[in-house]
Amino acid sequence: MADWFSVRMRATEEDILGDGGRHISGCERLVTEDRVHAVLEQMWRRAKSHEHGNAHAINIRIDAIDSASIRRIPPLAIESLAYATVKEGRAASCALLERHGISKTAAQRALAAIATLPRSMRGAMVVDAISGERLDGLGERGVRLSRMDCENEENFTKFLQNAMLRLAIGGDTPRAMAKFREALVLASKAAAAPGYAGELCWSDDPNYSTGYVACGKTYHRISPMKEPGNPIGGRVLFVRPGAPLAEIIDYWQRQPVLVADEFCGPS
Ligand code: PML
17 MADWFSVRMR
27 ATEEDILGDG
37 GRHISGCERL
47 VTEDRVHAVL
57 EQMWRRAKSH
67 EHGNAHAINI
77 RIDAIDSASI
87 RRIPPLAIES
97 LAYATVKEGR
107 AASCALLERH
117 GISKTAAQRA
127 LAAIATLPRS
137 MRGAMVVDAI
147 SGERLDGLGE
157 RGVRLSRMDC
167 ENEENFTKFL
177 QNAMLRLAIG
187 GDTPRAMAKF
197 REALVLASKA
207 AAAPGYAGEL
217 CWSDDPNYST
227 GYVACGKTYH
237 RISPMKEPGN
247 PIGGRVLFVR
257 PGAPLAEIID
267 YWQRQPVLVA
277 DEFCGPS
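Here you go:
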């Protein structure tokens with residue numbers, strides 16, 4: 017059995033305000049030993065060339081993972097929706113969430129919470145799917161999902177490329193492909209938690225206006241979710257009222273998860 021390693025990167029700007037420094041970029045991988053070196057190199061390049069600025073500190077942490085502890089899950093199904101304006105994209109996101117048991121109040125509060133963030137968060141806000149109250153109490157840090165990846169990089173890439181062809185998502189750059197890939201892995205892991213209700217997310221990358229809503233076992237890629245040039249993005253994870261919050265957060269942060277190869281046939 018191959019040995020697996022969780023590799024995590026977090027890059028921050030200089031800590032001028034004494035609060036740990038502004039988050040610039042992060043990355044989470046779970047790979048076999050033979051791929052650790054290549055992943056470290058990708059992380060280094062990403063941290064050094066981010067549109068949010070120059071990284072002052074780059075933290076990389078590697079943890080050995082017991083392969084018997086890894087849980088294998090299916091990826092979410094993929095759909096794509098395109099609109100003429102941000103207003104329409106956000107309205108469609110709300111409608112989708114509402115159709116999957118998230119109240120209008122919670123959906124609208126989540127949209128407003130992301131849109132009015134003063135700066136990027138490291139992790140996600142966890143929100144009650146009915147009241148819209150934020151539950152994690154983790155402030156600007158939020159809940160960072162960790163220890164996740166696809167089981168077979170080559171097949172997963174083909175799976176994503178097939179989905180892009182099927183949905184006529186054209187012209188995407190390698191950077192956009194990487195964002196889509198990472199977001200789908202994260203959203204699939206998030207969705208496999210007990211008490212999970214859905215997710216709303218868009219990127220803080222000023223040049224990337226596509227976001228997504230995950231609900232009903234589907235990743236709905238939606239564009240545009242923000243105006244070009246806007247550096248504010250974020251992620252809200254909705255949980256059902258009374259869901260076991262500590263257990264869910266522990267699963268999101270610590271449980272090693274792979275999107276299993278057996279589910280990554282033609283999408
Ligand atoms: C992020 O940067 O964390 C959000 C990425 C959103 C990706 C949307 C997509 O391209 O499917």
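Per the numbering used here, the sequence shown starts with residue 17, numbered consecutively.
Quick reminder that beta carbons are idealized off the backbone N, C-alpha and C, glycines included.
Reduced DSSP category for residue i - H, G, I as helix; E, B as strand; rest coil
| i | result |
| --- | --- |
| A140 | strand |
| N168 | coil |
| G42 | strand |
| D79 | strand |
| S22 | strand |
| L151 | coil |
| Y235 | strand |
| P100 | Rather than Pro, the amino acid found at residue 100 in this sequence is Ala. Three-state result, A100: coil. |
| T48 | strand |
| M241 | coil |
| L261 | helix |
| G105 | helix |
Residue i: CB within 6 Å of a non-hydrogen atom of the ligand PML
| i | result |
| --- | --- |
| F21 | no |
| K195 | yes |
| R160 | no |
| R237 | yes |
| T226 | yes |
| S219 | yes |
| A206 | no |
| A126 | no |
| A108 | no |
| A199 | yes |
Distance between beta carbons of residue j and residue i, contact taken as under 8 Å
| i | j | result |
| --- | --- | --- |
| N25 | A63 | The sequence shown places Met at residue 25, rather than the Asn named in the question. Their Cβ separation, rounded to whole angstroms, is 6 Å, which keeps M25 and A63 in contact under 8 Å. |
| E95 | H236 | 5 Å |
| V229 | S136 | That belief does not hold up - the Cβ atoms of V229 and S136 are roughly 20 Å apart, past 8 Å. |
Per DSSP, cross-strand counterpart(s) of residue i
| i | result |
| --- | --- |
| W218 | G227 and G250 |
| Y212 | V255 |
| L92 | Beta-bridge pairing links L92 to no other residue. |
| L274 | R88 and D165 |
| I74 | A27 |
| V159 | A140 |
Interface flag, residue i vs chain B, CB-CB below 7 Å
| i | result |
| --- | --- |
| L112 | Annotation note: the requested chain B is absent from the structure, which comprises a single protein chain. |
Using 8 Å as the threshold, is the segment 254-263 in touch with the segment 180-200, meaning 3 or more CB pairs across them? no
Within 8 Å, do at least three Cβ pairs link the segment 214-234 to the segment 108-117? yes
Does the contact criterion of 3 or more C-beta pairs under 8 Å hold for the segment 171-190 versus the segment 66-85? no
At a cut of 8 Å, does the segment 40-50 reach the segment 140-159 through at least three beta carbon pairs? no
Within 8 Å, do at least three Cβ pairs link the segment 81-101 to the segment 271-278? yes
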